[in-house]
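Here the structure comes first, spelled out in structure tokens, and everything after it is commentary.
Numbering (my numbering), first residue to last: 80 to 307.
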């Protein structure tokens with residue numbers, strides 16, 4: 080079977096009711112990004128950071144995968160599918176996709192502030208005083224601004240091996256994730272689904288833009304890929 084690598088961003092989850100990463104004014108749920116998504120913000124006010132992610136975690140219980148998430152699962156009937164997502168929600172998992180790499184971490188996991196290998200599934204609120212087995216404070220298992228993205232080498236390897244690349248719901252503005260498409264073989268097709276897909280400058284010559292919402296664009300992709 081051909082190997083499809085799918086890069087997903089906030090746009091695919093927005094249609095399930097999860098807010099996109101930041102508003103046009105640069106704020107995320109009313110907060111300056113650096114207050115709630117940086118090591119500096121964590122050091123300055125860990126309680127604010129924990130409260131922020133507790134609300135994001137709680138929101139997950141109110142949303143469900145949409146038809147775009149479910150379509151990616153359907154592709155596994157005819158293709159080997161690997162999803163590389165910038166999203167920290169668990170909607171791909173709940174839709175049933177079997178190979179998901181979370182570049183920026185996961186809301187339903189936490190980790191030690193000392194030992195990054197001590198990672199735990201966590202679905203309730205996280206508060207100051209919740210400790211890892213090394214007795215260090217637990218923090219959200221999220222890659223914050225200014226931190227390394229440890230799974231980028233694995234993501235690059237997946238894209239290099241792809242026969243088809245599909246990009247869904249991302250502005251291609253967040254690096255290093257936005258650079259991944261450039262590791263694809265120049266001879267393979269790259270499909271880009273996003274309402275503003277045809278407004279992005281500097282795209283590779285082999286990219287095919289589908290300027291639609293994820294749910295609409297995936298219907299077109301399913302018809303295209305399953306009819307070949």
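Cβ atoms here follow ideal geometry from the backbone N, Cα and C, with glycine treated the same way.
Identified DSSP bridge partners for residue 87: 164, 247
Segment contact, 8 Å Cβ cut-off, at least three pairs: the segment 109-118 with the segment 217-225: yes
Inter-stretch contact at 8 Å, needing at least 3 Cβ pairs: the segment 182-189 / the segment 206-220: yes
Residue 196, enclosing beta strand (DSSP E) - first and last residue: No beta strand (DSSP E) holds residue 196; DSSP gives it neither H nor E.
Pair within 9 Å by beta-carbon distance, residue 289 and residue 269: no
Beta carbon of residue 262 nearer than 9 Å to that of residue 239: yes
Integer Cβ distance of residue 163 from residue 245, believed to fall under 8 Å: The Cβ separation is near 10 Å, so there is no contact.
Touching by the beta-carbon criterion (3+ pairs, under 8 Å), the segment 85-99 and the segment 132-150: yes
Segment contact, 8 Å Cβ cut-off, at least three pairs: the segment 247-259 with the segment 160-176: yes
Proximity below 9 Å, CB of residue 200 to CB of residue 177: no
Contact set for residue 158: own chain, Cβ-Cβ below 6 Å, skip 5 residues either direction: 80, 81, 83
Exposure label - residue 190; buried when at least 16 CB within 10 Å: buried
Cβ-based burial, residue 119 [other Cβ within 10 Å; buried from 16]: exposed
Best match in 260, 133, 149, 179 for proximity to residue 204 [C-alpha to C-alpha]: 133
Cutoff 9 Å: residue 148 Cβ touching any chain C Cβ: Note that chain C does not occur in the displayed structure, where there is just one protein chain.
Nearest-angstrom beta carbon gap, residue 293 and residue 109 [assumed within contact, 8 Å]: That belief does not hold up - the Cβ atoms of residue 109 and residue 293 are roughly 25 Å apart, past 8 Å.
Rounded straight-line distance, which links the Cα of residue 121 to that of residue 298: 41 Å
Rounded Cβ spacing between residue 267 and residue 241 (contact assumed at less than 8 Å): 6 Å
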